[in-house]
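Colleague: Sequence lines, in order, name chains B and E. Heads up: the first sequence begins at 0 in numbering that gives the first Met the number 0, then just goes up one per residue. Heads up: the second sequence begins at 0 in numbering that gives the first Met the number 0, then just goes up one per residue.
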Amino acid sequence: MKFLFIDTSSLYLTIAIIDDNKIVFNHKEQVEKDMSSKIIPIIDNGFKECSFSIKDINKIFVVNGPGSFTGVRIGVTVAKTIAWALKIDLIPLSSLEFIASTASDKKYLVPMIDARRGNVFAGIYDQELNNILPDVLISYEQLSKKIDESYQQISYHLDNSINPDGDILKVINKHLSDKSVNPHSLKPNYLKLTEAEEKLNDQRNN
Amino acid sequence: MNKTYILGIETSCDETSVSIIENGDTEIATIISTQITTHANYGGVVPEIASRMHIENITIVIEECLKQANMTMDDIEAIAVTQGPGLIGSLLIGVTAATTLAYIYNKPLVPVHHIAGHIYANNLVSKMQFPLIALVVSGGHTELIYMKENYSFKKIGGTLDDAVGECYDKVARVINVPYPGGPLVDKLAHIGSDTYNLPLPLDDNTYNFSFSGIKSAVINLAHNEEQRGNTIRKEDLCCSFQNRVVEILTKKTMKALKEYNVNNLIIAGGVSANSGIRDKFTTICAHDGINLTIPNIKYCTDNAAMIGAAGYYAYKLGIRSGYDLKAKATMNLY
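1) According to DSSP, serine 138 (chain B) sits in a beta bridge with which residue or residues?
2) Could you say which of E:Ala309, E:Leu143 and E:Phe210 lies nearest to valine 261 (chain E) if we only look at CA atoms?
3) Counting only runs of 4+ residues fully inside the segment 175-204 of chain B, write out the alpha helix (DSSP H) ranges in chain order.
4) If we define contact as Cβ-Cβ less than 8 Å, is proline 65 (chain B) a contact residue for chain E?
5) If you reduce the DSSP assignment to three classes, tell me which class leucine 159 (chain E) lands in.
6) Ignore the nearest five residues each way along the sequence and tell me which others in isoleucine 218 (chain E)'s own chain have a CB closer than 6 Å to its CB.
7) Of all Cβ atoms in chain B, is any one closer than 8 Å to the Cβ of tyrosine 41 (chain E)?
8) Would you say serine 18 (chain E) lies against chain B (beta-carbon separation less than 8 Å)?
9) Can you name, in chain order, every residue of its own chain whose Cβ lies under 6 Å from the Cβ of aspartate 13 (chain E), other than the five neighbours on each side?
10) Are asparagine 121 (chain E) and threonine 292 (chain E) closer than 8 Å when you measure CB to CB?
11) Give the DSSP bridge partners of glutamate 9 (chain E), in chain order.
12) Taking the CB atoms as reference points, tell me whether isoleucine 103 (chain E) and leucine 6 (chain E) lie closer together than 8 Å.
13) Going by alpha carbons, who is nearest to asparagine 63 (chain B) out of B:Gln141, B:Phe2, B:Gln151 and B:Asp6?
14) Check the C-beta distance from valine 17 (chain E) over to alanine 313 (chain E) and give it rounded, since I have them as a contact under 8 Å.
15) From the beta carbon of proline 91 (chain B), is the nearest beta carbon of chain E less than 8 Å away?
16) Could you give the first and the last residue of the continuous alpha helix (DSSP H) run that contains glycine 307 (chain E)?
17) Within a Cβ cutoff of 6 Å, which residues of the same chain sit near glutamate 76 (chain E), ignoring the five residues on either side of it in sequence?
18) At a CB-CB cut-off below 8 Å, which residues of chain E make contact with alanine 195 (chain B)?
19) Identify the continuous alpha helix (DSSP H) that holds lysine 257 (chain E) and give its terminal residues.
20) Does the contact criterion of 3 or more C-beta pairs under 8 Å hold for the segment 53-63 of chain E versus the segment 66-85 of chain B?
21) With H, G and I counted as helix, E and B as strand and the rest as coil, what does DSSP make of histidine 26 (chain B)?
22) Does asparagine 69 (chain E) come out as helix, strand or coil in the three-state DSSP assignment?
23) Looking at C-alpha atoms only, which residue of E:His53, E:Ser125 and E:Ile132 is the closest neighbour of threonine 15 (chain E)?
24) Can you list the residues of chain E that phenylalanine 51 (chain B) reaches, using a CB-CB cut of under 8 Å?
25) Using a threshold of 8 Å, state whether the C-beta atoms of tyrosine 322 (chain E) and threonine 98 (chain E) are closer than that.
26) With 16 other CB atoms within 10 Å as the buried threshold, where does asparagine 295 (chain E) fall?
27) Got a sec, what are the start and stop residues for the alpha helix (DSSP H) glycine 42 (chain E) sits in?
28) DSSP state of aspartate 168 (chain E), grouped into three classes?
29) Opposite lysine 1 (chain B) in the DSSP bridges: which residues?
30) Which residues, in chain order, does the segment 71-84 of chain E contribute to contact with chain B at a C-beta distance below 9 Å?
31) For lysine 58 (chain B), which beta-bridge partners are listed by DSSP?
32) Taking Cβ positions, are glutamine 126 (chain B) and lysine 145 (chain B) nearer each other than 8 Å?
33) Between the segment 321-333 of chain E and chain B, which residues of the former have a C-beta closer than 7 Å to a C-beta of the latter?
34) Got a sec, what are the start and stop residues for the alpha helix (DSSP H) aspartate 287 (chain E) sits in?
35) What separation, rounded to the nearest whole angstrom, lies between the Cα atoms of histidine 26 (chain B) and leucine 100 (chain E)?
36) Kindly indicate which three-state DSSP category glutamate 127 (chain B) falls into: helix, strand or coil?
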């Protein structure tokens, strides 16, 4: 089986091509701006280095959030367009789960992405990437009440260059038999309304 | 003549649109998914919401367009996409999808300037005759452009402050007309009389426009009437405002036609749907023997048909982008 993995949810653009459970192309690059102008050239280059073409891919795995709104949209747009055009399976992945796939000796992992004003996008996963607390936007204060020293906290800020160092194969294998989603209905998992929607909701509730 | 089909993609603001155009002048299919009712809740386009809606719609609109045309991507010769100017988050969805399609199907990728698109909406009405003067009027632009031939754009004048559409929206807000206010101001103008004394905007020898003065005059007038406890006669204010705007637009445009010795005029952009502008230009051009083209109302606002039309001429001229195409919030046509 041949897979394409795309993650644009942080400042890092990660593209991987997997063949027979081996990563045959892996590109990870910090991209300050114009992520959209870099992604297809990198994918194109990746397949040039492989012995097969993008048309041979069986499934696309794409990180669809939470994370940088614009960043996530670029990866999701590429993934859904390819999946639609080539009629191949499309599997969304959580950015937090990807972070949680980092090696740790703790029982539980608590991946977090800074969401400003004391809030984080966070989830809780065990070593096998079973989801204990579904991805949520939560205040750090509230989150810290749910965890103790048996939890490994891994936090990232979207606006600095910390490099999410997940285990691509581990995450993909966990979701190998997930049901493919219809490319038309795939959208980013923002976990957050836009400010305009929040304000409008507040006005309506008052 | 061989038939060349261009797939056009436009996502620069709040419309997700895809179109297939034959030879730059014939529409095969166009899908426009507008977000206007959503943004009306906020009194204007919210960029983040627009981006979110584009990504939900983009592949659906592409598929619908191919279906409507009864075509597959194999029938398409090149992919044209709006590169800018516009809302960057919105542009990114169209540019990223277009680049991905170009890569997957191994098709040429043709970047198109949004205003070039608006101008070429006229080519779908009747083949543009050169040389011509284009008056571009929209929410973001008010420009006079001289075109010697296809895809040659020379700006001869433009607004120094607000665009004409922007000015309409602000006037609408002052008199409490809901978003999008421009079309409603136009409607009210038709039932009103020109009774308010408003200044003629920047009436000088240049081809430039300035609408901040008339905008301030409307705001002050509304404010003063309110202070005096008078009710504003909205329709009369709209009529007076529209008459001044149309007067200066026609005056400078007709002067440009004369001085550049040009017989062809096209009007382009969202505000070319304004009936005051359409009617006045139609009358004057008929009188002066000017060959006037205005897009069908459907193609005055943002759409991909115009991108497919402009994209055809760009493609024939060899304008191409690699897969590293960058969306641009601001960019020059000239």
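Using N, Cα and C, we set each Cβ at its ideal position, and we do this for glycine too. Since we're looking at a predicted model, the values are computed, not measured.
Modeller: Walking through what the data contain:
1) Beta-bridge pairing by DSSP links serine 138 (chain B) to B:Asn118.
2) Cα-wise, what sits closest to valine 261 (chain E) is E:Leu143.
3) Annotation note: the segment 175-204 of chain B contains the following uninterrupted alpha helix (DSSP H) runs of length 4 or greater, listed N- to C-terminal: 194-204.
4) Output row for proline 65 (chain B): interface = no.
5) The three-state secondary structure of leucine 159 (chain E), taken from DSSP, is coil.
6) Taking isoleucine 218 (chain E) as the centre and dropping the five residues before and after it, the same chain places the C-beta of Val173 closer than 6 Å to its C-beta, in chain order.
7) Interface residue, yes.
8) Among the CB atoms of chain B, none fall inside 8 Å of the CB of serine 18 (chain E).
9) These residues qualify, in order along the chain: Gln34, His38, Val44 and Ala49.
10) The answer is yes: Cβ separation under 8 Å.
11) Beta bridge pairing from DSSP links glutamate 9 (chain E) with E:Ser16.
12) Taking 8 Å as the Cβ cut-off, isoleucine 103 (chain E) and leucine 6 (chain E) do not qualify as a contacting pair.
13) In terms of Cα proximity to asparagine 63 (chain B), the closest of B:Gln141, B:Phe2, B:Gln151 and B:Asp6 is B:Asp6.
14) At roughly 17 Å, the Cβ-Cβ gap does not stay under 8 Å, so valine 17 (chain E) and alanine 313 (chain E) are not in contact.
15) By this cut-off, proline 91 (chain B) is not an interface position.
16) Under the DSSP assignment, glycine 307 (chain E) falls in the alpha helix (DSSP H) whose first and last residues are 304-315.
17) Here the set comprises Thr3 and Tyr4.
18) Result: Tyr41, Val45, Glu47 and Ile48.
19) First-last of the alpha helix (DSSP H) with lysine 257 (chain E): 233-258.
20) Verdict: yes, contact present.
21) The answer is strand: DSSP assigns histidine 26 (chain B) an E or B state.
22) Assigned with DSSP and collapsed to three states, asparagine 69 (chain E) falls in coil, not helix or strand.
23) For the set E:His53, E:Ser125 and E:Ile132, the Cα lying nearest the Cα of threonine 15 (chain E) is the one of E:His53.
24) None at all; the shortest Cβ gap to chain E is about 15 Å.
25) Yes, the Cβ-Cβ distance between tyrosine 322 (chain E) and threonine 98 (chain E) is below 8 Å.
26) With fewer than 16 other Cβ atoms within 10 Å, it is exposed.
27) Taken as a continuous stretch (DSSP letters only), glycine 42 (chain E) belongs to no alpha helix (DSSP H), as it is neither H nor E.
28) Helix, per DSSP.
29) The bridge partners DSSP lists for lysine 1 (chain B) are B:Asp18.
30) Flagged, chain order: Met72.
31) In the DSSP output, where bridge partners are listed per residue, lysine 58 (chain B) has B:Phe2 and B:Asp88.
32) It is not a contact, given that the beta carbons lie outside the stated cut-off.
33) Legend: CB atoms of the segment 321-333 of chain E lying less than 7 Å from CB atoms of chain B belong to residues Tyr322, Asp323, Leu324, Lys325 and Ala326.
34) Segment 274-287, the alpha helix (DSSP H) holding aspartate 287 (chain E).
35) For histidine 26 (chain B) and leucine 100 (chain E), the distance between alpha carbons rounds to 22 Å.
36) Looking at glutamate 127 (chain B) - three-state DSSP - the assignment turns out to be coil, as it is neither helix nor strand.
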